[in-house]
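> Before I ask anything, let me first share the structure, which is written out below as structure tokens.
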Amino acid sequence: MSIHRIIFLFIVILFSNSCKKTLHIDSPNFDKTAAYTNVRQQVNFGPRVPGSDGHLACKDWLVSQFKSAGAEVIEQGFTANTFDGKSLPAFNIIASFNKSSKYRIVLAAHWDTRPFSDYDPDTSFYHKPILGADDGASGVAVLLEVAKAIQSKPLKKYGVDIVLFDAEDYGNDKDNTERSIYTWCLGAQHWSKNPHIPGYKADYGVLLDMVGAKDARFTKEAVSMQYAPKVVEKVWTIAKAEGFSNFFSDELTGGLTDDHSFVNAIANIPMIDIINRPATTKTGFPHHWHTQKDDLNAIEPLTLHAVGTVIIKLLYLEDVDKI
Ligand SMILES: [Zn+2]
């Protein structure tokens with residue numbers, strides 16, 4: 054072996070060690086198999102459209118799951134007044150840990166599913182609700198495993214509020230006027246105006262929406278960058294250190310009307326959106342988005358794992374910071 058080769062090997066070893074730089078922090082592991090099962094359980098209730106039997110049954114299941122994970126759970130009931138003239142019973146579900154701490158992080162997802170398959174190539178499915186394995190269930194599934202992780206190793210300083218918004222996906226996609234924005238995210242609008250605790254504040258929030266598909270690409274979304282650029286940087290830095298730069302892209306993409314938009318604008322809590330924005334689809338969302346194909350086949354446990362691991366690392370890093 055020549056000296057050049059030895060030097061070369063030395064450089065390779067140095068380089069590979071620096072690439073493997075992980076965040077040395079004592080935090081629980083994320084259980085991707087359990088997270089996948091959480092998606093399946095929700096999908097087994099059928100579509101979770103407000104006013105449906107599946108919606109009520111799934112709500113009760115979620116409440117019991119988060120209670121078993123050691124959270125204090127509040128069901129915040131409200132009436133969802135939809136753009137098509139319905140008044141439907143809806144519920145935000147708030148699962149809290151360490152309620153007395155003044156340091157708080159909100160983790161959010163929507164648990165309802167869209168009543169229309171308005172992007173299905175088969176237009177006869179237009180009025181069929183979607184199963185929402187990715188669009189809804191994936192974010193909730195990750196957050197349930199995050200709750201179990203907190204239960205297994207309680208945070209010392211930080212309090213966490215997991216907020217599952219209802220009636221996110223009942224919006225009017227045919228109306229391009231400014232007012233149509235308010236037909237979406239009815240649960241987030243309600244909670245932002247009427248938080249579960251009057252005067253509620255949190256340091257910041259992270260919303261998960263469509264975090265379960267194979268090869269998901271999470272971009273730096275404009276509303277997140279406008280209101281909470283430091284949170285975006287923090288989360289993306291952790292993702293890279295954990296080896297998930299294949300999922301977390303540095304690309305900037307346009308702002309979305311999603312639950313975080315209202316939490317930022319109304320509740321004044323800086324909140325980012327981790328959401329799948331593929332580079333190659335016409336809609337800018339995954340192929341299964343708002344179609345009958347958003348079923349269990351759309352879910353890849355490795356994607357749930359990447360997102361769940363990043364969220365857990367974030368919580369435990371923040372917690373160590375405050376000790
Ligand atoms: Zn949707």
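Using the numbering used here, the final residue of the sequence shown is 376, and nothing's skipped along the way. Here a beta-carbon is modelled for each residue, glycine too, at the ideal position from N, C-alpha and C. The structure presented is a predicted model; accordingly, all values stated were derived computationally and were not measured.
#1: Can you tell me whether ALA346 is buried or exposed, with buried defined as 16 or more other CB within 10 angstroms of its CB?
#2: Would you say HIS343 touches ligand 1, meaning its beta carbon is less than 7 Å from a heavy atom?
#3: So what does DSSP say about VAL102, is it helix, strand or coil?
#4: Tell me whether HIS163 sits in a helix, a strand or coil according to DSSP, three-state version.
#5: Alpha carbon to alpha carbon, what distance is there between THR344 and TYR172?
#6: Is it buried or exposed, LYS74, if we count other Cβ atoms within 10 angstroms and call 16 or more buried?
#7: Helix, strand or coil: how does DSSP classify THR236 here?
#8: Return yes when the C-beta of ARG167 is under 7 Å from any heavy atom of ligand 1, and no when it is not.
#9: For the candidate residues GLY212, LYS283 and PRO168, whose alpha-carbon lies nearest to that of LYS181?
#10: Report all residues from its chain with a CB closer than 6 Å to the CB of GLY99; omit the five preceding and five following residues, and keep chain order.
#11: What I want to know is whether the C-beta of ASP312 ends up closer than 7 Å to one or more non-hydrogen atoms of ligand 1.
#12: State the CB to CB distance for the pair ARG101 and THR166, rounded to an integer number of angstroms; the pair is presumed to be in contact (CB under 8 Å).
#13: Which of helix, strand or coil does DSSP assign to LYS74?
#14: With H, G and I counted as helix, E and B as strand and the rest as coil, what does DSSP make of LYS85?
#15: Considering just the uninterrupted stretch of the alpha helix (DSSP H) at PHE377, what are its terminal residues?
#16: By the DSSP assignment, the beta strand (DSSP E) with PRO354 in it spans what residues?
#17: Would you kindly work out how many angstroms separate the C-alpha atoms of THR132 and LYS366, rounded to a whole number?
#18: Just to confirm the assignment, what range does the alpha helix (DSSP H) spanning ILE203 have?
#19: Any idea if PRO251 is buried or exposed, counting beta-carbon neighbours within 10 angstroms, 16 or more meaning buried?
#20: Helix, strand or coil: which one does DSSP assign to TYR156?
Put simply:
#1: With the sequence shown as reference, residue 346 is identified as Lys, and Ala is not the correct amino acid for it. Its Cβ being crowded by 16 or more others within 10 Å, LYS346 is buried.
#2: Flag set: Cβ of HIS343 near ligand 1.
#3: Three-state result, VAL102: coil.
#4: It is a strand residue.
#5: In this model, TYR172 and THR344 are separated by some 6 Å (Cα to Cα).
#6: Because the pLDDT at LYS74 is just 48, under 50, the model does not fix this residue reliably, and the value given afterwards should be weighed accordingly. When all chains shown are included, LYS74 counts as exposed.
#7: The answer is helix: DSSP assigns THR236 an H, G or I state.
#8: At least one heavy atom of ligand 1 is nearer than 7 Å to the Cβ of ARG167, so yes.
#9: The shortest C-alpha separation from LYS181 is found at PRO168.
#10: Counting only Cβ-Cβ distances below 6 Å, and skipping sequence neighbours, we find GLY107.
#11: No; taking the cut-off as 7 Å, the Cβ of ASP312 has no heavy atom of ligand 1 nearer than that.
#12: Their Cβ separation, rounded to whole angstroms, is 5 Å, which keeps ARG101 and THR166 in contact under 8 Å.
#13: For LYS74, the predicted structure reports a pLDDT of 48, less than 50, and the residue's modelled location is therefore unreliable. A value from the coordinates is still provided. In the structure shown, LYS74 sits in coil (DSSP, three-state: anything other than H, G, I, E or B).
#14: LYS85: helix per DSSP, three-state reduction.
#15: As displayed, the chain neither begins before 54 nor continues past 376, which places residue 377 out of reach and without an answer.
#16: Note, PRO354: premise wrong, no beta strand (DSSP E); alpha helix (DSSP H) at 354-375.
#17: Here the C-alpha atom of THR132 lies approximately 36 Å from the C-alpha atom of LYS366.
#18: Here the alpha helix (DSSP H) through ILE203 covers 192-205.
#19: Burial call: exposed.
#20: Reduced to three states, the DSSP call for TYR156 is coil.
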